[in-house]
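Residue numbers (my numbering), protein chains in the order written: chain U, 29 to 426; chain S, 29 to 426.
There are 2 protein chains.
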Amino acid sequence: MNNLLYAQSGGPTAVINTTALGVFETAINANKFANIYAGLNGIEGILKETFYKIESDCDLSLLKQTPGAAFGSCRHNLTDYKNDDNEYKKIVEIFKKYQVTHFLYNGGNDSMETVLKLSNYFKEINFDCLVLGLPKTIDNDLLLTDHTPGYGSASKYIATTFAQIAYDARSYIKGRINIVEIMGRDTGWLTCASSLASLTGYGPDLIYIPEVSFELDKFEIKVSEIYKKNGHCFVAVSEGIKDKDGRFISSLSSNDSFGHAQLGGVATYLSNYLTEKKYKTRSIELNLPQRSFSTLISKVDSDEAYMCGKYGVLKILENETGQMVVIERDDNKNYVTSCKLAPIEKIGGQVRYVDYSYLNEEKNNVSKKFINYALPLIQGEIDIKTKDGLPIFFKLNK
Amino acid sequence: MNNLLYAQSGGPTAVINTTALGVFETAINANKFANIYAGLNGIEGILKETFYKIESDCDLSLLKQTPGAAFGSCRHNLTDYKNDDNEYKKIVEIFKKYQVTHFLYNGGNDSMETVLKLSNYFKEINFDCLVLGLPKTIDNDLLLTDHTPGYGSASKYIATTFAQIAYDARSYIKGRINIVEIMGRDTGWLTCASSLASLTGYGPDLIYIPEVSFELDKFEIKVSEIYKKNGHCFVAVSEGIKDKDGRFISSLSSNDSFGHAQLGGVATYLSNYLTEKKYKTRSIELNLPQRSFSTLISKVDSDEAYMCGKYGVLKILENETGQMVVIERDDNKNYVTSCKLAPIEKIGGQVRYVDYSYLNEEKNNVSKKFINYALPLIQGEIDIKTKDGLPIFFKLNK
């Protein structure tokens, strides 16, 4: 008897549930599984046996427009089983109980490490369960894939929002230095996506990402130049920018009113720094809506997220294991992509950084190459079902 | 010769430019004006003679989806002309030069004070120019109107975003206390609108607005109760909440790392306060997108914004002056509204607060009456023209 288990892990994206839909619809249609389960809250919930049975009469279509991880997520990392195999034993015990023969795990680089560890362990103990990874992260920092599902929709939201902020802020004759903080602790892919706003007429004047060491004095000179010239200045900055010694700029901010180091807030830090020097500033942190704004999903991203789920089911049915589904760009001009498999040991726990060829010479904005890379990913919208003027979301009957 | 002048003032809304479209299309069709001008940057730009001529062959249709104030805004208040009439004299001089006979000023309560002062001054010196006010503010704090254009779209954005944040944050088993900061220095209309998120399944557990004095200890007890019960807590808070002595809670936050009082940030303040007490928290400030997210405009709001612009032109052509266009709700069940005129001296410079009947007994959430009031305002969406996966915006050929 074949039983499929699917679970979600790490930070949600606007299309993670579309990958789930691709998995479930393909698995139902394949007619090869006696049971299809969603493991709630990733590996953390699997360890607690919180299994949710997908029935063919479930209305799953709303998954396409549902934010968050509809089946729950976790940030639980398995230890190396050579040091401690307790959790591994427990997983095998639970998998045996539910007769799980096929396991699809949907996540980012930490989750792919889980896929790697589990598939290695299963091989080592000769446990008969196939494991594949399905990619997901707004950060776009997985190796061996052209891009990751979730990145396109986050980019579309960020570019649209940045443009709207720029149009709004330009309403006044005398403007400010606007500093927009974008997610990305290690990589600048999302912050670079703000550059797409420029196609509407106004976008970021300056872009700072973790891959380029940040110099406060140079930053001040640049914003000051632009502000003097234009009466406005628009800056996009990754939450994770660091100085030349590798210290997070956000950590330079000293104590808050309760005597504690302030959380997050690199835009607030930079804004306060400039206010101190008598500049008129505004800081905006785009925050959770970057990954959860499901009313502005990119159709390309949605279609690819579905394709990854579908491909994962088809390949695991061909007995593939220990790999992750990746997206290949077969043709950039007409934008054609397809799925392949890539070895998980080359992906799990690793990070793909923004290549300097995607940046301009001064490394404070993007190059034309980046626009060519990112623009196809934000194309199109999906129809959103609404009720009472609000989107309708999938909710588990727990 | 009749010449019409239209200008925008105060903080933009997502539909202020739709009111402009209503003005221009109606004025063009009326065929009663030799010239139709937009005064750029409100009264501040008018004083500098920055006039933009609207031609019948302009493509104005994109105004409907353009964020910001497409013709520029200002925060310039005229002094009382009894004390200093210099600016008034200058305005009359410029109006004479451009032969402005009809003036429509689109703004909130400060702008309506400008309308009041100008119309009084024009009467006093017998200057032949009619003046009407067109309402606009996301704050919904203008008197004598059922609601203001801009409020519906801001409410739709806030409710949708709040729901998405709640779905996202619920992805994990162990959640946080999420504090979402919403615009509103004096009134809580926008913050109350977050309650509409609940119709999607998840919304704010607690709502705090400037009309109700804020007690930090009570707040902590409430969030703690809810967090213990649900493992999550969602709070919507107006930027302008105050303690019983009328001090802004955001001003209680002491100095930042540069030794200055921190700007804004009541959500950050409350979040830091709770973190200090060992709660797991997250603060989110919705910021400018609340008023500029033109890709999620409410159709009802858009239609009414247009209607206000149109009605203003029709009424000023009937020689009405010294009044503001208001919206009346003729029927709530089928939601039918119409425009009327109301005397500007009862509106300008005044504030409409949230009535306690719109709140629950504890005054930490809304009542059913508020839902009935606000829900019709967020209905429907407008079609958004896009290019390259991004919305297209109207841009002045300056």
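For glycine and all other residues, C-beta sits at the position ideal for the given N, C-alpha and C.
For residue i, count the other beta carbons within 10 Å of its own beta carbon; 16 or more makes it buried, fewer makes it exposed. Which is it?
{"i": "Y386/S", "result": "buried"}
{"i": "P163/U", "result": "buried"}
{"i": "I249/S", "result": "exposed"}
{"i": "T176/U", "result": "buried"}
{"i": "I153/U", "result": "exposed"}
{"i": "D245/U", "result": "exposed"}
{"i": "I145/S", "result": "One point to set straight first is that residue 145/S is Lys, not Ile, in the sequence displayed. K145/S is buried by the Cβ-count criterion."}
{"i": "K343/U", "result": "buried"}
{"i": "L424/S", "result": "exposed"}
{"i": "Y363/S", "result": "exposed"}
{"i": "E332/S", "result": "buried"}
{"i": "S222/U", "result": "buried"}
{"i": "D85/S", "result": "exposed"}
{"i": "K272/U", "result": "exposed"}
{"i": "G274/U", "result": "exposed"}
{"i": "K81/U", "result": "exposed"}
{"i": "G83/U", "result": "It should be noted that the sequence gives Glu, not Gly, for residue 83/U. Label assigned to E83/U: exposed."}
{"i": "L338/S", "result": "Rather than Leu, the amino acid found at residue 338/S in this sequence is Lys. Buried, because 16 or more other Cβ atoms sit within 10 Å of the Cβ of K338/S."}
{"i": "D359/U", "result": "exposed"}
{"i": "S279/S", "result": "exposed"}
{"i": "E53/S", "result": "buried"}
Tell me which residues share the same chain as residue i and place their Cβ nearer than 6 Å to its Cβ, disregarding the 5 neighbours each side in the sequence.
{"i": "V55/U", "result": "With the sequence shown as reference, residue 55/U is identified as Ala, and Val is not the correct amino acid for it. L32, F61, I64, V341."}
{"i": "I410/U", "result": "I325, K327, S330"}
{"i": "G180/U", "result": "S326, V328, D329, L405, I406"}
{"i": "V120/U", "result": "F155"}
{"i": "V379/U", "result": "D169, D214"}
{"i": "K308/S", "result": "R204"}
{"i": "N45/S", "result": "L91, T94, A98"}
{"i": "V354/S", "result": "L172, T173, K368, A370"}
{"i": "R357/S", "result": "D174, T365"}
{"i": "E313/U", "result": "E209, A295"}
Compute every distance between the C-beta of residue i and the non-hydrogen atoms of the ligand MN, then say whether any falls below 8 Å.
{"i": "I269/U", "result": "Looking at this structure, you won't find the ligand MN or any other ligand, since it has none at all."}
Could you pull out every residue in the same chain whose Cβ sits closer than 7 Å to the Cβ of residue i, ignoring the five residues on either side in sequence?
{"i": "V382/U", "result": "T215, G216, W217, C220, I237, E239"}
{"i": "K270/U", "result": "P238, S241, F242, F276, I277"}
{"i": "S101/U", "result": "Q36, S37, G38, P40, N69, G70"}
{"i": "M29/S", "result": "A62, Q127"}
{"i": "F150/S", "result": "C157, V159"}
{"i": "K397/S", "result": "S385, Y386"}
Which same chain residues, not among the five before or five after residue i, have their C-beta less than 8 Å away from its C-beta?
{"i": "A197/U", "result": "G203, R204, N206, H260, F262, R310"}
{"i": "Q318/U", "result": "I166, A182, Y185, I186, I210, M211, L218"}
{"i": "T107/U", "result": "E115"}
{"i": "L90/U", "result": "K413, I420, F421, F422"}
{"i": "Q351/U", "result": "L160, G161, K343, L369, A370, P371, I372"}
Using a C-beta cutoff of 9 Å, does residue i count as contacting chain C?
{"i": "T296/U", "result": "In summary, chain C is missing from the structure at hand, where the protein chains are U and S."}
contact_flag[the stretch 132-145 of chain U, the stretch 295-311 of chain U] where n(CB pairs < 8 Å) is 3 or more: no
The stretch 255-263 of chain U touching the stretch 403-423 of chain U, judged by at least three CB pairs closer than 8 Å: no
3-residue-minimum beta strand (DSSP E) runs that sit fully inside the stretch 317-404 of chain U, ordered along the chain: 351-359, 364-371
Against chain U: residues of the stretch 33-48 of chain S by CB proximity under 7 Å: P40
Selection of the stretch 401-425 of chain S by Cβ proximity to chain U, strictly under 9 Å: L403, P404, L405, I406, Q407, G408, E409, I412, T414, K415, D416, G417, L418, P419, I420, F421, K423
Members of the stretch 72-88 of chain U near chain S, C-beta cut-off 8 Å: E72, G73
Interfacial residues, the stretch 324-353 of chain U to chain S, with Cβ spacing under 7 Å: L324, S326
Members of the stretch 186-198 of chain U that neighbour chain S once the beta carbon cut-off is set at 9 Å: A187, T188, T189, A191, Q192, I193, A194, Y195, D196, A197, R198
Interface positions of the stretch 169-184 of chain U facing chain S (Cβ-Cβ less than 8 Å), listed along the chain: K184
Runs of beta strand (DSSP E) lying entirely within the stretch 55-116 of chain U, each at least 3 residues, in chain order: 63-67, 79-81
Those runs of the beta strand (DSSP E) which lie wholly inside the stretch 182-223 of chain U and span at least 3 residues: 205-210
Length-filtered (4 minimum) alpha helix (DSSP H) runs lying within the stretch 109-153 of chain S: 114-126, 137-152
Contiguous beta strand (DSSP E) assignments of at least 3 residues, all confined to the stretch 233-303 of chain S: 234-236, 261-266
Contact set between the stretch 201-233 of chain U and chain S, restricted to residues whose Cβ is under 9 Å from the partner: I201, N206, L224, A225, L227, T228, G229, Y230
Residues in the stretch 296-313 of chain U having any Cβ partner in chain S nearer than 9 Å: T296, Y297, S299, N300, Y301, T303, E304, T309, R310, S311, I312, E313
Positions along the stretch 99-122 of chain S whose CB lies within less than 8 Å of some CB in chain U: G100, S101, C102, R103
Short-range partners of chain U found in the stretch 239-267 of chain S, where Cβ spacing is below 7 Å: none
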